[in-house]
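The block underneath contains the structure these notes are about, expressed in structure tokens.
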Amino acid sequence: MAMNLNSLKTSLNLWQAYGTPSNDSISVTADNESLWELIHQHQEWIYSKITTFNQWELLSAAQATTIYLLLRVKQGSNSAAFPNGDIALLFTLGAIFRHLHSTALLDSRPRQDWRQWVFFESFMRIACIYFTLSAVVSTHFGLPCHNPKDWSFHSLPVPATKASWAAANASDWASALPPEKELTWKDLTSAASLNDSPVDLWRESSDELGMVVMMTMTLISQQPNYSMPSPPE
Numbered sequence: 008m009a010m011n012l013n014s015l016k017t018s019l020n021l022w023q024a025y026g027t028p029s030n031d032s033i034s035v036t037a038d039n040e041s042l043w044e045l046i047h048q049h050q051e052w053i054y055s056k057i058t059t060f061n062q063w064e065l066l067s068a069a070q071a072t073t074i075y076l077l078l079r080v081k082q083g084s085n086s087a088a089f090p091n092g093d094i095a096l097l098f099t100l101g102a103i104f105r106h107l108h109s110t111a112l113l114d115s116r117p118r119q120d121w122r123q124w125v126f127f128e129s130f131m132r133i134a135c136i137y138f139t140l141s142a143v144v145s146t147h148f149g150l151p152c153h154n155p156k157d158w159s160f161h162s163l164p165v166p167a168t169k170a171s172w173a174a175a176n177a178s179d180w181a182s183a184l185p186p187e188k189e190l191t192w193k194d195l196t197s198a199a200s201l202n203d204s205p206v207d208l209w210r211e212s213s214d215e216l217g218m219v220v221m222m223t224m225t226l227i228s229q230q231p232n233y234s235m236p237s238p239p240e
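Going by our numbering, the first residue of the sequence shown is number 8, and it counts up by one from there.
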């Protein structure tokens with residue numbers, strides 16, 4: 008398989024090559040061994056190139072790896088063509104985040120530069136998918152969360168509002184960017200989440216991923232003995 012620095016494009020090409028068109032979407036049979044052989048090759052290539060990627064290539068690689076992880080969850084078990092697929096994909100995603108956390112690119116959500124905000128928000132949403140999976144699927148390691156700069160389950164910022172994420176240009180984004188303080192997942196379980204509170208306002212303006220995060224935290228808050236995912240170093 009010819010590798011492309013745009014890893015997301017490569018993963019979508021695989022999706023189209025092995026998928027079955029259905030209305031306006033493409034359905035992929037997760038247990039296709041030929042597909043998993045190519046995913047294995049792509050995962051190894053991504054892992055070998057992490058330190059050479061620029062920030063946008065890293066984002067593309069993280070998005071592709073996340074797509075493969077979701078496909079692995081859909082399948083329910085590793086393919087014979089990629090016997091340690093779950094471990095390899097989680098390790099690769101973790102390596103991408105570790106590399107980024109060694110920079111200042113994920114230190115805080117930018118509020119002056121739209122492109123950098125999109126970059127940060129995109130990675131934060133990938134982390135949201137990972138931590139949501141951690142809450143419903145057993146993942147013993149993956150994203151690093153022990154160092155001060157790492158995101159953890161509690162400290163992860165909530166997804167941005169639907170209007171700011173859907174903005175088509177910098178002007179629309181600046182108009183849609185809410186002035187409220189940065190909320191985290193932990194804030195969503197606070198007993199102080201009343202009407203007109205920052206959490207309530209965020210909930211009203213969030214998109215589909217925000218709703219998934221909210222449902223995840225509601226589920227967790229109802230399980231007092233739940234242990235928050237904390238991958239080892």
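Note that the Cβ used here is the ideal one computed from N, Cα and C, for glycine as well.
None of these values were measured; they are calculated from a predicted model.
Flag this pair as touching only if the segment 13-20 and the segment 54-73 have three or more C-beta atom pairs under 8 angstroms; answer yes or no.
yes
DSSP three-state label for residue 191, please.
Within the sequence shown, numbered from 1, the residue matching residue 191 stands at position 184. Reduced to three states, the DSSP call for residue 191 is strand.
Rounding to the nearest angstrom, what Cα-Cα distance links residue 181 and residue 166 in this structure?
Working through the sequence shown from its first residue, we reach residue 181 at position 174. Working through the sequence shown from its first residue, we reach residue 166 at position 159. Cα to Cα, the separation comes out at about 16 angstroms.
From the DSSP output, read off the bridge partner residues of residue 86.
Numbered from its first residue, the sequence shown carries residue 86 at position 79. Answer by DSSP bridge pairing, in chain order: 89.
Answer yes if the segment 43-58 comes into contact with the segment 93-102, meaning at least three C-beta pairs across the two stretches below 8 angstroms, and no otherwise.
yes
Let me check understanding here. Comparing Cα to Cα, which of 211, 134, 84 lies closest to residue 105?
In the sequence shown, counting from the first residue as 1, residue 105 sits at position 98. The residue with the shortest Cα to Cα distance from residue 105 is 134.
Quick check on residue 205: does DSSP put it in helix, strand or coil?
Here residue 205 refers to the residue found at position 198 of the sequence shown. Note: residue 205 maps to helix in three-state DSSP.
Cα-Cα separation, residue 178 to residue 23
Residue numbering aside, residue 178 sits at position 171 when the sequence shown is read from its first letter. Residue numbering aside, residue 23 sits at position 16 when the sequence shown is read from its first letter. When rounded, the distance between both Cα atoms is 34 angstroms.
Would you mind stating whether residue 62 and residue 126 have Cβ atoms separated by less than 8 angstroms?
Here residue 62 is taken as the residue at index 55 of the sequence shown, counted from 1. Here residue 126 is taken as the residue at index 119 of the sequence shown, counted from 1. Against a cut-off of 8 angstroms, the Cβ pair of residue 126 and residue 62 comes out as a contact.
Euclidean distance between Cα positions of residue 117 and residue 130
As a position in the sequence shown, residue 117 is number 110, starting the count at 1. As a position in the sequence shown, residue 130 is number 123, starting the count at 1. Rounded to whole angstroms, residue 117 to residue 130 spans 13 angstroms at the Cα level.
Alpha carbon to alpha carbon, how far is residue 163 from residue 170? Give it in angstroms, no decimals.
Working through the sequence shown from its first residue, we reach residue 170 at position 163. Working through the sequence shown from its first residue, we reach residue 163 at position 156. Roughly 20 angstroms between the two C-alpha positions.
What are the boundary residues of the alpha helix (DSSP H) that includes residue 15?
For the purposes of this step, residue 15 is taken as the residue at position 8 of the sequence shown. Element bounds for residue 15: 14-25.
Local Cβ density within 10 Å of residue 175, reported as buried at 16 or more and exposed below that
For this step, residue 175 is matched to residue 168 along the sequence shown. Per the 10 Å Cβ criterion, exposed.
Whole angstroms is fine: what's the gap from residue 210's alpha carbon to residue 221's?
Position 203 of the sequence shown holds residue 210. Position 214 of the sequence shown holds residue 221. Rounded to the nearest angstrom, the two C-alpha atoms are 8 angstroms apart.
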